[in-house]
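*Asks:*
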Amino acid sequence: MKQNKNSKKVLITGGAGYIGSTVVRHLLCKGYTVYVLDNLIQGAEGVNCFLGYGTYNFIKGDIRDQNLLNEIISKVDFVAHLAAIVGESACKINPEDSKSINVQGTKNIIHSCMENKIKRLIFVSTCSSYGVQDTRIMAKEDTPLNPVSLYAETKISMEEYLKKNYDTELSYTILRPSTVHGPSPRMRFDLIVNHFVKDAVLQGKLDIFGGDMWRPLMWVGEFGRSIDKILSSDLKLIKNQIFNLGNTKDNRKKKEVAEIIKKNFIPELKIKYSGDDKDLRSYKVDFTKIEKTLDFQLEKTLENAVEELIFSVKNKLFGDPNNPKFRNN
């Protein structure tokens, strides 16, 4: 495809995924030349919508293929590494593949970035690394991590590997994002807000376990803005830094999400609270660092995102939201 010689070139691993495809969309709109490497394990919806863009390049492949990585990374200035088996349920299904992709694949990315003198590497980790925390305390970037899932363990191990094994010429930034929600080219309905909206619209009722458990929440479209912000910020602000990604006021209890749906959009919604959740994670996160260091604030409210989701489900924009293709597990 024809390339803009003056545009910044970035590789998005996992760029066909729920988050990755929204990042691609944002960066294309911002004038980047975007390369996407994805094995399409979750389908091609996040790729098909961008084919034909002059600055979009898709490569079907696996991050465990070191030769392929070197070939692609030699063409770009920056790398944003999102590719992974994502979520506790998905990792449980095939723990060996999860370790191979999330760990060995990430090591491949790091070494290829160093070998090819990449200017900036963004590694997307997870806020779920905080696991079970005293929710009277807001977890900051230096708060001790307490993972309760294989997924979080793989992410933490690669944070540590990156901090110990990077080349001094490489600038890395680690992001620990909130739980995301909202429409995406590669849609998911197994995430808390999306799942609640789906059941509220289609069934008119919600059966909620662990209603008092806390989660930090964020519209999925904010992700591309954060990647662009890091790639365009002064190096001294982002070099070898960890940032929680989200908004402090959007730490929400699960039952609060349900009440927002009922109060603002579906007053006839029936909500049942059914005791504890098998998912033990409950944590509140402090996002002061990214707000102050990079002047990064979330733009969309939870209420606005829920409204968009309700519109999407009611108008069948994704067909049947109960289709297994909309789940990572």
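Using the numbering used here, you'd call the opening residue of the sequence shown number 7 and step up by one each time.
Glycine residues also receive a C-beta, built at the ideal position from the N, C-alpha and C atoms.
Express the C-alpha separation of valine 16 and glutamine 72 in angstroms, rounding to a whole number.
*Replies:* By one-based count along the sequence shown, residue 72 stands at place 66. By one-based count along the sequence shown, residue 16 stands at place 10. C-alpha separation (whole angstroms): 18 Å.
*Asks:* Only counting runs of 4 or more residues, tell me where the alpha helix (DSSP H) segments fall wholly within the region 178 to 253, in order along the chain.
*Replies:* 198 to 209, 228 to 238, 241 to 244
*Asks:* Return the residue from the list Lys161, Lys125, Cys97 that minimises the CA-CA distance to threonine 112.
*Replies:* Here residue 112 refers to the residue found at position 106 of the sequence shown. Just measuring C-alpha positions, the residue of Lys161, Lys125, Cys97 sitting nearest threonine 112 is Lys161.
*Asks:* What does DSSP give as the partner residue(s) for threonine 19 in the beta ladder?
*Replies:* Numbered from 1 along the sequence shown, position 13 holds the residue referred to as residue 19. Within the DSSP secondary-structure output, threonine 19 pairs in a beta bridge with Leu43, His87.
*Asks:* At which residue ranges does the region 286 to 319 contain complete alpha helix (DSSP H) runs of 4 or more residues, listed in the order of the chain?
*Replies:* 294 to 299
*Asks:* Quick check on the burial criterion: 16 or more other C-beta atoms within 10 angstroms. Buried or exposed for leucine 304?
*Replies:* Counting from 1 along the sequence shown, the entry for residue 304 is found at position 298. Classification of leucine 304: buried, given that the 10 Å Cβ count is 16 or more.
*Asks:* For a test of the three-state rule: what should DSSP assign to leucine 275, helix, strand or coil?
*Replies:* Numbered from 1 along the sequence shown, position 269 holds the residue referred to as residue 275. Leucine 275: coil per DSSP, three-state reduction.
*Asks:* Once you ignore the five residues that flank glutamate 274 on each side, which residues in its own chain have a CB closer than 7 Å to its CB?
*Replies:* Numbered from 1 along the sequence shown, position 268 holds the residue referred to as residue 274. Taken in chain order, the residues that qualify are Gly210.
*Asks:* May I ask which residues mark the beginning and end of the alpha helix (DSSP H) holding tyrosine 136?
*Replies:* Here residue 136 refers to the residue found at position 130 when the sequence shown is read from its first residue. Premise fails: tyrosine 136 is in no alpha helix (DSSP H) and is neither H nor E.
*Asks:* Excluding the 5 residues flanking aspartate 83 on each side, which residues of the same chain have their C-beta closer than 8 Å to its C-beta?
*Replies:* One-based indexing of the sequence shown puts residue 83 at position 77. Cβ within range, chain order: Lys14, Lys15, Val16, Ile124, Lys125, Arg126.
*Asks:* For the alpha helix (DSSP H) that asparagine 63 lies in, which residues bound it at each end?
*Replies:* The residue given as residue 63 occupies position 57 in the sequence shown. Element bounds for asparagine 63: not the alpha helix (DSSP H) but the beta strand (DSSP E), 62 to 66.
*Asks:* What would DSSP say about lysine 123, mapped onto helix, strand or coil?
*Replies:* Stepping through the sequence shown from its first residue, residue 123 is reached at position 117. Three-state DSSP puts lysine 123 in coil, outside helix and strand.
*Asks:* By a C-beta neighbour count over all protein chains shown, 10 Å radius and 16 as the cutoff for buried, is aspartate 205 buried or exposed?
*Replies:* As a first step, residue 205 is located in the sequence shown; it is residue number 199 there, counting from the start. It is buried - the Cβ of aspartate 205 has at least 16 other Cβ atoms within 10 Å.
*Asks:* Given that a residue counts as buried once 16 or more other Cβ atoms are within 10 Å of its Cβ, and exposed if not, what is arginine 194?
*Replies:* Taking the first residue of the sequence shown as position 1, residue 194 is located at position 188. It is buried - the Cβ of arginine 194 has at least 16 other Cβ atoms within 10 Å.
*Asks:* Alpha carbons only, please: which of Asn108, Leu34, Asp196 is nearest the one belonging to leucine 156?
*Replies:* Here residue 156 refers to the residue found at position 150 when the sequence shown is read from its first residue. When only C-alpha atoms are compared, the closest one is Asn108.
*Asks:* Mind checking which residues open and close the beta strand (DSSP E) that includes asparagine 335?
*Replies:* Taking the sequence shown and counting its residues from 1, the one referred to as residue 335 is at position 329. Note, asparagine 335: premise wrong, no beta strand (DSSP E); not H, not E.
*Asks:* DSSP beta-bridge partners for phenylalanine 337?
*Replies:* Because the chain is modelled from 7 through 335, residue 337 falls outside the range shown and cannot be assessed.
*Asks:* Exposed or buried, which one is glutamate 165 when buried takes at least 16 other CB atoms within 10 Å?
*Replies:* If you number the sequence shown from 1, residue 165 lands on position 159. When all chains shown are included, glutamate 165 counts as buried.
*Asks:* In whole angstroms, what separates the C-alpha of valine 42 from that of serine 280?
*Replies:* Indexing the sequence shown from 1 puts residue 42 at position 36. Indexing the sequence shown from 1 puts residue 280 at position 274. The straight-line gap separating the alpha-carbon atoms of valine 42 and serine 280 is approximately 42 Å.
*Asks:* For threonine 132, which residues of its own chain have a beta-carbon under 8 Å away from its beta-carbon, when the five flanking residues on both sides are left out?
*Replies:* One-based indexing of the sequence shown puts residue 132 at position 126. Cβ within range, chain order: Tyr157, Ala158, Lys161, Arg182, Pro183.
*Asks:* Thinking C-beta only, is aspartate 103 closer than 9 Å to isoleucine 115?
*Replies:* In the sequence shown, the residue the question calls residue 115 occupies position 109. In the sequence shown, the residue the question calls residue 103 occupies position 97. In this structure, aspartate 103 does not lie closer than 9 Å to isoleucine 115 by Cβ.
*Asks:* Skipping 5 residues on each side, what residues in its chain have a beta carbon closer than 7 Å to that of aspartate 218?
*Replies:* Here residue 218 refers to the residue found at position 212 when the sequence shown is read from its first residue. Excluding positions up to five away in sequence, the list reads Lys259, Lys261.
*Asks:* Does the separation of the CB atoms of tryptophan 225 and glycine 188 fall below 9 Å?
*Replies:* Your numbering for residue 225 matches position 219 in the sequence shown. Your numbering for residue 188 matches position 182 in the sequence shown. The answer is yes: Cβ separation under 9 Å.
*Asks:* Could you check which residue in Lys320, Ser288, Lys284 has the C-alpha nearest to that of leucine 151?
*Replies:* Taking the first residue of the sequence shown as 1, we reach residue 151 at position 145. Cα-wise, what sits closest to leucine 151 is Ser288.
*Asks:* Lysine 146 and aspartate 292: beta carbons closer than 9 Å?
*Replies:* In the sequence shown, the residue the question calls residue 146 occupies position 140. In the sequence shown, the residue the question calls residue 292 occupies position 286. With respect to aspartate 292, lysine 146 sits close: the two C-beta atoms are nearer than 9 Å.
*Asks:* Consult DSSP for methionine 7 and reduce its assignment to one of helix, strand or coil.
*Replies:* Counting from 1 along the sequence shown, the entry for residue 7 is found at position 1. Residue placement at methionine 7 is flagged as unreliable, the pLDDT there being 44, under the threshold of 50; a coordinate-derived value is accordingly withheld.
*Asks:* Would the beta-carbon of histidine 87 fall within 9 Å of that of threonine 19?
*Replies:* On the sequence shown, residue 87 is found 81 positions in, with the first residue counted as 1. On the sequence shown, residue 19 is found 13 positions in, with the first residue counted as 1. Yes, Cβ-Cβ distance for histidine 87 and threonine 19 is below 9 Å.
*Asks:* Here's a check: name, in chain order, each residue in its chain whose Cβ is nearer than 6 Å to the Cβ of valine 130, leaving out the five neighbours to either side.
*Replies:* As a first step, residue 130 must be located in the sequence shown, where it is residue number 124. Excluding residues within five positions, the ones whose Cβ falls inside 6 Å are Leu88, Leu181.
*Asks:* Pick out whichever of Asn200, Glu297, Thr179, Val40 has its Cα sitting closest to the Cα of lysine 242.
*Replies:* Counting from 1 along the sequence shown, the entry for residue 242 is found at position 236. Answer by Cα proximity: Thr179.
*Asks:* With distances taken between CB atoms, is the gap from asparagine 335 to serine 95 smaller than 9 Å?
*Replies:* If you number the sequence shown from 1, residue 335 lands on position 329. If you number the sequence shown from 1, residue 95 lands on position 89. Their beta carbons are under 9 Å apart, which means asparagine 335 touches serine 95 by this criterion.
*Asks:* So, at 7 Å on beta carbons, what are the nonlocal neighbours of leucine 74 in its own chain, with the 5 sequence-adjacent residues on each side left out?
*Replies:* If you number the sequence shown from 1, residue 74 lands on position 68. Gly67.
*Asks:* Less than 9 Å between the C-beta atoms of glycine 23 and glutamine 48, yes or no?
*Replies:* In the sequence shown, residue 23 corresponds to position 17, counting from 1. In the sequence shown, residue 48 corresponds to position 42, counting from 1. With respect to glutamine 48, glycine 23 sits close: the two C-beta atoms are nearer than 9 Å.
*Asks:* Three-state secondary structure (DSSP) at asparagine 100?
*Replies:* Position 94 of the sequence shown, counting from 1, holds the residue named residue 100. If DSSP states are grouped into helix, strand and coil, asparagine 100 belongs with coil.
*Asks:* Exposed or buried, what is glycine 60 when buried is set at 16 or more other beta-carbons lying within 10 Å of its beta-carbon?
*Replies:* By one-based count along the sequence shown, residue 60 stands at place 54. Counting Cβ neighbours within 10 Å, glycine 60 comes out exposed, since fewer than 16 surround it.
*Asks:* Tell me, to the nearest whole angstrom, how far the beta carbon of isoleucine 78 is from that of isoleucine 65; I am working on the premise that it is less than 8 Å.
*Replies:* Working through the sequence shown from its first residue, we reach residue 78 at position 72. Working through the sequence shown from its first residue, we reach residue 65 at position 59. Between isoleucine 65 and isoleucine 78 the Cβ distance is about 6 Å, and since that is below 8 Å, they are a contact.
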